[in-house]
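Residue numbers (this note's numbering), protein chains in the order written: chain F, 139 to 463; chain W, 139 to 463; chain B, 184 to 508; chain A, 184 to 508.
All C-beta atoms in this analysis are idealised placements derived from N, C-alpha and C, irrespective of residue type, glycine included.
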Amino acid sequence: MRVISMREAINEALHEEMARDNKVFVLGLDVGKMGGDFGVTKGLWAKYGPKRVRDTPLSEAAILGVANGAAFAGYRPVAEIMFADFLTECFDQIVNYTAKAHYMFAGQLKAPLVVRTPTGAGMRAAYHHSQNVESWFLNVPGLTIVAPSTPYDAKGLLISSIRDDNPVIFLEHKMLYSFKGEVPEQTYQIPIGKADIKKQGNDVTVITSMRMTHLCLNAAKKLAAQGINVEVIDMRTLLPIDKETIFASVAKTGRVVTVFEAPKTGGYGSEIGMMIAEEMFEFLQAPIKRVASLDVPVPFAPSLEDYVLPNEIDIEQAIQKIVRF
Amino acid sequence: MRVISMREAINEALHEEMARDNKVFVLGLDVGKMGGDFGVTKGLWAKYGPKRVRDTPLSEAAILGVANGAAFAGYRPVAEIMFADFLTECFDQIVNYTAKAHYMFAGQLKAPLVVRTPTGAGMRAAYHHSQNVESWFLNVPGLTIVAPSTPYDAKGLLISSIRDDNPVIFLEHKMLYSFKGEVPEQTYQIPIGKADIKKQGNDVTVITSMRMTHLCLNAAKKLAAQGINVEVIDMRTLLPIDKETIFASVAKTGRVVTVFEAPKTGGYGSEIGMMIAEEMFEFLQAPIKRVASLDVPVPFAPSLEDYVLPNEIDIEQAIQKIVRF
Amino acid sequence: MLSKDLMVKLYEDMLMIREFEETVDEYAKKGRIPGFLHLAIGQEAAQAGAMAALKETDYKFLDHRSHGICILAGTPKEKVMAEIFGKKNGICQGKGGSMHIADVSVRNFGCNAIQGSTLAACLGTAVAAQLSDTDDVTAVFFGDGTVGRGEFNESLNLSGIWKLPIVYVLINNMYAISTPARNAHPLENLAEMGCAYDIPGLTIDGNDVLEVYKGVSKAVHRARQGQGPTLVELKTYRWQGHFSGDPASYRPEEEVRAWKERCPIKIHRERLLSQKIISHEENEKIIKQVKDEVARMLEFSIKSPEPEEELAIKHVYVGREVSGK
Amino acid sequence: MLSKDLMVKLYEDMLMIREFEETVDEYAKKGRIPGFLHLAIGQEAAQAGAMAALKETDYKFLDHRSHGICILAGTPKEKVMAEIFGKKNGICQGKGGSMHIADVSVRNFGCNAIQGSTLAACLGTAVAAQLSDTDDVTAVFFGDGTVGRGEFNESLNLSGIWKLPIVYVLINNMYAISTPARNAHPLENLAEMGCAYDIPGLTIDGNDVLEVYKGVSKAVHRARQGQGPTLVELKTYRWQGHFSGDPASYRPEEEVRAWKERCPIKIHRERLLSQKIISHEENEKIIKQVKDEVARMLEFSIKSPEPEEELAIKHVYVGREVSGK
Ligand SMILES: Cc1ncc(C[n+]2csc(CCOP(=O)(O)OP(=O)(O)O)c2C)c(N)n1
Ligand SMILES: Cc1ncc(C[n+]2csc(CCOP(=O)(O)OP(=O)(O)O)c2C)c(N)n1
Ligand SMILES: [Mg+2]
Ligand SMILES: [Mg+2]
């Protein structure tokens with residue numbers, strides 16, 4: 139099959155959905171002629187024109203405002219927030235409006251919008267261009283959070299997200315934009331809310347997402363040589379949580395390591411781990427272990443950023459520890 | 139000892155700190171002549187004047203901006219955000235500025251500010267005046283979150299928060315403002331980061347905070363009649379987490395129920411539970427159980443709000459279940 | 184010159200708002216209405232005049248003081264009142280209450296209790312109207328205090344540059360809770376703030392319903408013609424406190440008295456009578472009709488049942504269940 | 184008339200900025216500098232002229248394009264460069280990098296990479312100056328794009344009503360990344376937006392360092408006298424792309440060429456030479472001195488070691504440890 143980058147896969151999904159449904163439109167900073175800060179919206183402006191591919195002023199609350207209002211009125215806006223860190227600047231729109239609009243008026247409004255945004259560390263861009271932000275939204279009922287790790291998943295999930303009648307925060311790990319993989323040329327959907335077992339195994343369940351998925355797969359490969367058979371579950375959708383897949387795996391392995399890039403305290407791994415501790419206690423043969431960033435902001439100097447982020451060795455060691463418990 | 143309300147206790151702390159340290163000033167919507175929407179800043183304006191008790195326009199980002207800048211310049215601002223739900227409107231200032239200022243400039247700046255804000259449900263005020271917001275901030279290193287349950291704790295913790303060189307989000311449960319308790323007239327501090335065992339017990343550890351503390355204590359009383367001896371830990375400080383107190387209790391009881399008012403998924407209980415599952419696994423004799431709100435926004439009608447919130451019966455049943463596991 | 188029918192309708196509408204507000208005020212004070220209730224007594228001309236200038240398919244975004252807008256939008260009025268009572272037969276089935284009333288069938292897209300958030304969302308329906316080439320205008324109602332929010336800039340900047348069909352209806356009642364507008368904003372006539380965005384501003388006597396109607400009509404006309412947004416400031420006064428029950432001791436009695444003298448209903452009634460558009464008898468008849476109608480709404484609201492618990496777990500997501508207790 | 188010394192200093196300062204920027208640009212392109220680098224080549228007059236109008240104890244808040252401000256603030260310049268290199272001897276020990284440079288000892292309170300956030304925080308140092316009765320002014324540097332953010336309104340509204348000693352230095356380089364200012368804001372002269380806040384606006388040729396110096400001095404004077412804020416717009420142009428390496432193909436070459444013709448350094452040099460303030464020989468000497476100085480900074484930066492890992496877990500909290508790996 140054809141191999142393309144995650145950037146191209148996402149771009150393709152946007153092209154296909156805009157062609158299919160004229161209610162879909164794109165907006166954000168520099169998404170038009172320039173094609174987006176990371177080049178993800180390339181070619182849309184030339185093809186669909188400035189009405190459906192809208193460059194906005196530097197006004198994140200207004201971007202989400204446009205998305206909200208247009209979605210309420212029956213459109214399917216896909217807003218780009220240039221870096222996930224800037225979601226702070228439209229946090230109110232998302233948390234107090236997007237997420238609650240359907241509920242608070244008893245179903246009268248829907249908010250079928252997508253907020254695409256590059257997330258994650260590794261670019262030496264520090265505090266305000268590197269954060270993993272899913273935790274800001276985890277306790278907000280009404281939101282859906284999607285976070286692909288491969289070009290294949292990205293395309294199928296973005297198409298599903300655009301077609302979904304619920305608002306979706308679509309996290310694109312910026313270090314994966316150039317990551318390549320097989321992607322069908324035709325349109326396809328990947329169901330929201332379904333995790334993907336990226337590698338089968340029965341000694342230990344490793345639950346992860348986005349960039350960390352690849353580190354986990356690498357670690358799993360190395361550990362296989364030591365006779366440790368790791369199952370790697372890529373969440374793909376962070377909210378709602380696919381309990382079924384996780385629980386089935388935990389029932390099999392009895393051992394769990396969560397691997398997410400954000401700081402440990404209050405990170406996504408805490409939710410996953412707690413869910414297991416609450417509902418799968420009888421199956422557990424070892425503590426649940428989190429691998430995550432240190433509890434610090436993302437610093438600038440490469441030596442510091444590298445130290446703070448979880449790496450393959452951290453993952454390997456955590457798995458070994460849990461398997462040997 | 140003298141008995142006063144939590145509202146009065148907080149007010150007293152503000153009076154005492156403003157008298158002690160002229161670097162302390164208060165700002166927010168209607169905090170001046172009117173004394174605050176909940177009457178918490180009463181009398182400060184008359185005593186300290188409009189320079190140190192500042193009514194602001196309806197500009198939450200500016201309120202936090204003033205607090206940030208003044209704190210950087212050596213002041214100790216105490217900002218009131220009228221309802222915690224409005225923290226969405228200054229989320230960027232807090233998450234990307236307050237929390238990171240000390241770190242990103244390698245210690246050159248400090249942000250010794252306090253953001254006081256009424257939180258929690260029960261007022262029939264629905265979506266935008268009822269949320270428990272701690273989860274929005276749990277994954278943000280650099281922040282401290284304080285959340286008292288009694289007038290005594292409130293006074294001592296607010297004084298400590300104002301004197302602390304770190305930024306503190308000080309959550310005041312609005313349904314507790316009129317709750318009364320013994321409070322010394324003199325100035326005293328309660329250390330930040332120390333949980334309080336509100337009731338000793340050895341059958342099960344119940345970890346909670348704010349309004350839920352009182353529901354837990356009531357449930358504990360009823361369960362005592364059934365021979366179940368509950369230990370109730372009131373976190374008081376949500377961040378940093380007092381592991382020591384929690385772990386000592388869990389080592390004793392081997393059974394844990396967390397009780398927090400926010401929706402279950404991504405709530406504070408997940409973090410506490412996961413921490414225990416990770417570090418205290420050997421001691422656990424039963425699943426860790428969460429009591430929390432349903433995973434929905436806070437609806438308006440009393441019948442709906444009551445249904446959504448955790449109540450004493452929920453707590454009792456959860457404890458019974460875990461004890462009998 | 185306006186038609187007699189319209190002149191009379193405006194009178195009836197104002198009476199209706201007054202009677203409606205006085206009724207819910209009474210029942211709030213009796214403890215029969217949960218939550219906060221923000222009344223527009225004294226502001227009837229602003230609400231009735233503006234609504235008469237709009238058509239049903241125009242999009243409407245409301246704020247917390249908008250019962251009057253809701254009942255004039257075309258929604259069965261008893262459903263608005265039942266909503267305020269938190270009842271099942273309310274237009275949002277009791278989920279919304281006073282601060283979150285919407286009726287999408289008449290393009291009332293709802294009140295949102297976060298000040299400023301509708302200033303962002305209103306951009307989206309205006310974009311939708313542009314994209315779908317209809318001449319529907321978006322009207323957004325907000326107060327003087329809300330001018331302090333960041334969304335004010337983001338909204339006027341974007342609508343100014345995109346020439347969006349928006350009518351900004353700024354109801355300047357001279358206070359935001361206890362804060363006088365003159366302490367919160369440098370300009371006295373807030374409509375002049377349009378100058379920063381090349382948006383025309385109109386400052387209008389908000390207590391003269393004909394002036395309001397004419398001014399808002401002018402703005403609506405501009406928007407319908409594709410000439411872009413207008414900032415219409417309606418100067419008026421709320422007779423009561425910020426919410427039902429607020430003693431509003433922060434205002435000089437003198438000021439309140441003077442404004443009551445300029446009762447918008449009285450002004451218009453005197454005009455109708457002196458111009459012999461209605462007779463004294465007709466006036467009495469109208470008043471009685473309005474009172475009867477509101478009495479029926481009250482009966483409907485009181486008789487209506489509370490919403491059932493299951494409603495609380497509906498509408499979190501479109502097509503996805505969340506679990507109840 | 185300005186003193187000759189000052190005229191020459193302004194020339195040296197601009198040369199210094201140019202040489203500094205070209206050097207870090209070169210090393211960024213060689214891959215020796217991590218992260219994003221936003222250069223101010225072409226904007227030297229705006230930066231040098233504004234800085235010359237301030238004193239060391241004036242508070243300064245910077246944006247992402249502010250190396251020039253940092254090196255003129257009084258900080259040892261080599262420490263600014265080392266910071267950009269992410270080195271241990273950087274002024275923030277390598278924690279900040281290009282986008283987060285502060286030196287509190289000279290009241291450079293730092294760049295913040297979230298556009299608009301300093302517009303809020305600058306209010307606080309201005310309040311601090313008012314509270315402590317000093318005549319220190321706060322200068323906040325930001326670009327045309329950033330005018331779109333909500334904080335612009337919150338900041339100017341508050342400073343306008345409180346008459347805060349703030350100088351808003353709006354560097355209008357006609358673009359925000361690829362977005363021309365004329366597509367992002369309704370007015371051409373953004374200083375006129377002060378009209379909404381009763382704040383005087385000055386639109387100045389930002390490529391003439393003397394005009395900049397005079398205009399900013401006027402604003403500084405007003406602020407020092409307690410007459411409140413001024414919005415100073417400096418019209419200029421960045422010669423390069425948005426960041427080092429950005430091809431900036433979104434701009435017409437014609438436009439770039441025309442602006443390069445109006446090189447701020449050339450303009451001022453010709454003035455100095457033609458007015459015989461310096462001779463050609465002196466000019467050559469100055470240029471050589473600047474080059475030598477920057478070469479020394481470069482050597483310092485390159486030789487400086489990387490920060491050690493332990494630094495990553497420092498400064499999260501004042502006086503509280505977080506754990507490392
Ligand atoms: C973001 C936000 N901040 C504060 C509040 C609390 N609040 C509710 S109404 C109000 C005053 C609003 O004043 P104005 O806009 O003039 O409307 P009015 O009440 O006078 O009709 C305030 C401060 C809120 N709801 N949202
Ligand atoms: C809130 C926020 N949104 C978007 C960005 C991304 N961004 C960085 S610089 C920039 C353009 C800023 O333009 P302007 O203010 O004119 O400054 P200039 O780059 O021209 O100096 C943008 C959009 C950001 N850093 N913060
Ligand atoms: Mg008002
Ligand atoms: Mg610019």
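If we count the other Cβ atoms within 10 Å of its Cβ and call it buried at 16 or more, is residue i buried or exposed?
i                 : result
Asp246 of chain A : buried
Leu165 of chain F : buried
Pro322 of chain F : exposed
Pro435 of chain B : exposed
Arg428 of chain F : buried
Leu341 of chain B : buried
Leu185 of chain A : exposed
Asn356 of chain W : exposed
Pro348 of chain A : buried
Ser347 of chain F : buried
Residue i lies in the beta strand (DSSP E); which residues open and close that run?
i                 : result
Thr308 of chain B : First-last for Thr308 of chain B: Ser300 to Leu314, but that is the alpha helix (DSSP H), not the beta strand (DSSP E).
Thr413 of chain A : Thr413 to Lys418
Thr375 of chain F : Thr375 to Leu377
Val352 of chain B : Ile349 to Asn355
Thr321 of chain B : Thr321 to Gly326
Over the uninterrupted alpha helix (DSSP H) stretch that includes residue i, give me the two end residues.
i                 : result
Pro401 of chain W : Looking at the DSSP string, Pro401 of chain W is not in any alpha helix (DSSP H); the run it does join, the beta strand (DSSP E), is Val394 to Pro401.
Phe317 of chain W : Taken as a continuous stretch (DSSP letters only), Phe317 of chain W belongs to no alpha helix (DSSP H), as it is neither H nor E.
Leu202 of chain W : Glu198 to Phe210
Ala102 of chain W : Nothing about residue 102 of chain W can be reported from this structure: the residues present for chain W run from 139 to 463 only.
Cys294 of chain A : Careful: Cys294 of chain A lies outside any alpha helix (DSSP H), inside the beta strand (DSSP E) at Asn291 to Cys294.
Tyr213 of chain W : Premise fails: Tyr213 of chain W is in no alpha helix (DSSP H) and is neither H nor E.
Arg365 of chain A : Ala364 to Ala367
Phe275 of chain F : Glu272 to Phe275
Thinking C-alpha only, which one of the options is nearest residue i?
i                 : options                                   : result
Asp372 of chain F : F:Lys381, F:Lys248, F:Ile335 and F:Glu198 : F:Ile335
Thr343 of chain F : F:Lys390, F:Gly407 and F:Gly319           : F:Lys390
Ile216 of chain A : A:Asp241, A:Glu239, A:Gly280 and A:Lys243 : A:Gly280
Ile330 of chain F : F:Glu450, F:Asp380 and F:Val178           : F:Asp380
Val178 of chain F : F:Pro195, F:Pro401, F:Lys248 and F:Met220 : F:Met220
With C-beta atoms as the reference, is residue i less than 8 Å away from residue j?
i                 : j                 : result
Phe176 of chain F : Pro256 of chain F : yes
Lys180 of chain F : Gly187 of chain F : no
Lys161 of chain W : Arg214 of chain W : yes
Ala233 of chain B : Val473 of chain B : no
Ile469 of chain B : Leu198 of chain B : yes
Arg503 of chain A : Pro250 of chain W : no
Subject >> Touching by the beta-carbon criterion (3+ pairs, under 8 Å), the stretch 347 to 360 of chain A and the stretch 415 to 432 of chain A >> reply: yes
**OP:** Please confirm if the stretch 323 to 331 of chain W is in contact with the stretch 353 to 363 of chain W, defined as three or more CB-CB distances below 8 Å between the two stretches.
**Re:** no
**OP:** Take every Cβ of the stretch 431 to 440 of chain F, pair it with every Cβ of the stretch 418 to 427 of chain W, and state whether three or more of those distances are shorter than 8 Å.
**Re:** no
**OP:** Give a yes or no on contact between the stretch 231 to 242 of chain F and the stretch 270 to 287 of chain F, applying the rule of three or more CB pairs nearer than 8 Å.
**Re:** yes
**OP:** Please confirm if the stretch 193 to 205 of chain W is in contact with the stretch 300 to 308 of chain A, defined as three or more CB-CB distances below 8 Å between the two stretches.
**Re:** yes
Original post:
With contact counted as at least three CB pairs below 8 Å, one residue from each stretch, are the stretch 379 to 386 of chain A and the stretch 368 to 376 of chain B in contact?
Top reply: yes
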